[in-house]
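In what follows, a structure is listed as structure tokens, so that the remarks can point back to it.
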Amino acid sequence: MISPIDGLPKIELAKGLSISNPKTLIAVTNGECISEIFPEWTSRAYLGPSVPYKPYDLNMPIKVPRRSRHANRVDSPLTEHGKIVSAIVARNLQRANFTPDRILCSPELRSVETAIQMAAFFNANFKNEEKSNIPVLVEPALAEWRNFDEEQTEKHWLTNQELQKIGYKIQNDDFGYQEVFQTIYLPTVEKPSQYFDRLMEFLGSVLDKFDGCSVLIGSSGLTTLLNNQRWKKADDLQKIRAKTPTCSIVVRHFPTSDHEENTEDFRIQPHTNAAQLKPFTRTLNEAKQKRRALVSPTNGTEGV
Numbered sequence: 001m002i003s004p005i006d007g008l009p010k011i012e013l014a015k016g017l018s019i020s021n022p023k024t025l026i027a028v029t030n031g032e033c034i035s036e037i038f039p040e041w042t043s044r045a046y047l048g049p050s051v052p053y054k055p056y057d058l059n060m061p062i063k064v065p066r067r068s069r070h071a072n073r074v075d076s077p078l079t080e081h082g083k084i085v086s087a088i089v090a091r092n093l094q095r096a097n098f099t100p101d102r103i104l105c106s107p108e109l110r111s112v113e114t115a116i117q118m119a120a121f122f123n124a125n126f127k128n129e130e131k132s133n134i135p136v137l138v139e140p141a142l143a144e145w146r147n148f149d150e151e152q153t154e155k156h157w158l159t160n161q162e163l164q165k166i167g168y169k170i171q172n173d174d175f176g177y178q179e180v181f182q183t184i185y186l187p188t189v190e191k192p193s194q195y196f197d198r199l200m201e202f203l204g205s206v207l208d209k210f211d212g213c214s215v216l217i218g219s220s221g222l223t224t225l226l227n228n229q230r231w232k233k234a235d236d237l238q239k240i241r242a243k244t245p246t247c248s249i250v251v252r253h254f255p256t257s258d259h260e261e262n263t264e265d266f267r268i269q270p271h272t273n274a275a276q277l278k279p280f281t282r283t284l285n286e287a288k289q290k291r292r293a294l295v296s297p298t299n300g301t302e303g304v
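Using full-length UniProt numbering, the letters of the sequence shown correspond one by one to residues 1 to 304.
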């Protein structure tokens with residue numbers, strides 16, 4: 001699990017909530033994105049306007065959605081490594097005895113593909129037939145802070161119908177899921193406080209609508225909130241983004257409460273199974289950071 005980030009204000013995430021049944025929320029950041037590893041990929045993988053995508057590295061996906069170079073650049077898919085790591089995260093959760101009832105993800109392709117990879121692992125490895133069809137639900141409220149994206153990036157996101165056409169089983173309609181935010185209502189420019197309010201509204205909705213265990217796939221702001229921290233300004237969000245690795249996990253258990261018991265002493269708790277989650281070293285760079293931390297205890301790592 002990723003640790004809280006130094007220097008950020010703390011919040012009481014559960015204060016004021018009335019929770020009728022125990023619930024577990026698992027926040028996961030998206031897997032490694034191709035634009036992070038190959039910033040120039042759309043220039044090199046497309047050799048002409050009418051020439052199809054051609055990967056030039058084994059870490060690049062075999063195929064990508066058929067759309068403009070610009071659309072694929074601003075809404076990039078996962079690398080092959082990112083897909084594998086997403087499945088490993090699902091394995092880690094399963095071995096810690098977490099049994100998700102649903103996966104909710106942002107509409108960005110990197111989050112959708114992370115969700116699809118995790119769902120595929122869970123569905124293939126659950127022995128209980130009732131748990132072998134975990135729905136993937138797309139929720140625009142989970143989108144990245146709007147100021148991190150180019151203007152009007154949301155116009156290039158694939159719709160749920162388009163995602164289904166390329167083989168991604170999105171089940172919003174099957175489960176009658178009502179989005180907290182529709183894409184058309186997301187602001188083009190967003191204050192840090194608006195981003196905070198958007199995610200808080202979403203978390204409140206999830207806790208109100210769903211029992212059991214929900215996996216939420218989004219950006220570093222989401223994991224920060226579940227770590228009982230918040231941001232005040234844009235610099236805080238930059239810091240959060242820089243210090244949160246891909247496929248980071250935060251698990252929180254929300255015990256049953258009622259209005260009488262829901263006082264300032266009411267706290268969300270780490271899930272007891274979370275102690276069974278193993279550390280995860282994703283890259284050589286992370287391995288070097290951890291080795292340096294062993295030599296110098298003041299240089300702690302930022303997440304597992």
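Even glycine gets a Cβ: it sits at the ideal position worked out from N, Cα and C.
- Item | Distance, residue 145 Cα to residue 192 Cα | 8 Å
- Query: Do the CB positions of residue 291 and residue 245 come within less than 8 Å of each other?
  - Reply: no
- Message: Using a Cβ-Cβ cutoff of less than 6 Å, which residues in the same chain neighbour residue 183 once the five nearest sequence positions on both sides are dropped?
- Response: 140, 154
- Task: Mind reading off the beta-carbon distance from residue 102 to residue 254? Whole number of angstroms is fine, and I expect it under 8 Å.
- Result: Not really, about 15 Å apart at Cβ, beyond 8 Å.
- Message: Excluding the 5 residues flanking residue 180 on each side, which residues of the same chain have their C-beta closer than 7 Å to its C-beta?
- Response: 139, 141, 201, 202, 205
- Task: Please go through the same chain and pick out, in chain order, the residues whose beta-carbon is closer than 7 Å to the beta-carbon of residue 250, but skip the five residues on each side of it.
- Result: 1, 2, 27, 223, 226, 227
- Task: With DSSP collapsed to three states, give me the class of residue 254.
- Result: strand
- Item | Residue burial classification, residue 189 (beta-carbon count within 10 angstroms, cutoff 16) | exposed
- Query: Relative to the C-alpha of residue 121, which residue among 109, 134, 46, 112 is closest?
  - Reply: 134
- Item | Alpha-carbon to alpha-carbon, residue 115 and residue 234 | 27 Å
- Task: Pull up the DSSP beta-bridge partners for residue 27, would you.
- Result: 216, 250
- Item | For residue 276 and residue 125, believed in contact at Cβ under 8 Å, the rounded distance | The pair is not a contact, with the Cβ atoms about 16 Å apart (cut-off 8 Å).
- Task: Would you list the one or two residues that DSSP bridges to residue 184?
- Result: According to DSSP, which records beta bridges pairwise, residue 184 is partnered with nothing at all.
- Query: Cβ atoms of residue 163 and residue 215: under 8 Å apart, would you say?
  - Reply: no
- Report the option in 147, 38, 77, 186 whose CA atom is closest to the CA atom of residue 168. 77
- Query: Terminal residues of the continuous beta strand (DSSP E) containing residue 103?
  - Reply: 102-105
- Query: Can you round the beta-carbon distance between residue 32 and residue 85 to whole angstroms, since I take them to be within the 8 Å contact cut?
  - Reply: 6 Å
- Just how far apart, CA to CA, sit residue 46 and residue 247? 28 Å
- Starting from residue 10, follow its DSSP beta bridges and name the residues at the other end. 229
- Item | Opposing strand residues paired with residue 85 [DSSP bridges] | Residue 85 is not bridged to any residue.
- Task: Express the C-alpha separation of residue 208 and residue 176 in angstroms, rounding to a whole number.
- Result: 15 Å
- Starting from the C-beta of residue 10, find all residues in its chain whose C-beta is less than 7 Å away, skip the five residues before and the five after it, and write them out in chain order. 228, 229
- residue 43 to residue 220, Cα distance in whole Å? 28 Å
- Query: Which partner residues does residue 137 have in the DSSP bridge list?
  - Reply: 104
- Query: Is the beta carbon of residue 186 less than 8 Å from the beta carbon of residue 143?
  - Reply: yes
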